[in-house]
Amino acid sequence: MNVEPEYVIDAERFAWRSWAGDVVIFDRLSGDSWMMERPAGRILEFIAERGSPSFATKRDCAVERASLSAESGREADEVLATLIELGILIRFENTRSVD
Numbered sequence: 176m177n178v179e180p181e182y183v184i185d186a187e188r189f190a191w192r193s194w195a196g197d198v199v200i201f202d203r204l205s206g207d208s209w210m211m212e213r214p215a216g217r218i219l220e221f222i223a224e225r226g227s228p229s230f231a232t233k234r235d236c237a238v239e240r241a242s243l244s245a246e247s248g249r250e251a252d253e254v255l256a257t258l259i260e261l262g263i264l265i266r267f268e269n270t271r272s273v274d
């Protein structure tokens, strides 16, 4: 049985606001803020809309971005990886199996 990792927005550390797919992220610990262009905002909105806790797998995000062009889809994959690398999305342990 394969278990795909799910990710949650680290809402205790990061605050964010998005518009038109762009997003401004504020790090509550360091006081730093930065902007990420589309589709970062769309990815965070998608995860936040999933309920509490707001989590999604990489596959879920891939389904959400399926309507984007191939080029935008590759960009979405890169942005998702960056959000995970920066700690904005953190791993959520689960037991859901992947088909």
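Each position in the sequence shown, counted from 1, maps to that position plus 175 in the working numbering.
Beta carbons: idealized from backbone N, C-alpha and C, even for Gly.
All of these numbers come straight from a predicted model, not from anything done at the bench.
Go to residue i, then tell me how far its alpha helix (DSSP H) extends in each direction, as first and last residue.
i	result
Ala215	Ala215 to Ala223
Please name the residue in the options whose C-alpha comes closest to that of residue i.
i	options	result
Ile218	Asp197, Phe267 and Glu187	Asp197
Leu204	Asp185, Phe267 and Glu220	Asp185
Glu250	Glu181, Trp194 and Arg213	Arg213
With H, G and I counted as helix, E and B as strand and the rest as coil, what does DSSP make of residue i?
i	result
Leu264	strand
Val273	Any reading at Val273 needs caution, since the residue's pLDDT is 48, under 50, leaving its predicted position unreliable; the model's value is listed next. Val273 falls in the coil class under three-state DSSP.
Glu212	coil
What span of residues does the beta strand (DSSP E) with residue i cover, start to end?
i	result
Ala190	Phe189 to Trp194
Asp202	Asp197 to Asp202
Under the assumption that residue i contacts residue j (Cβ atoms under 8 Å), give the Cβ distance between them as a whole number of angstroms.
i	j	result
Ile259	Val183	That belief does not hold up - the Cβ atoms of Ile259 and Val183 are roughly 11 Å apart, past 8 Å.
Phe189	Ile263	5 Å
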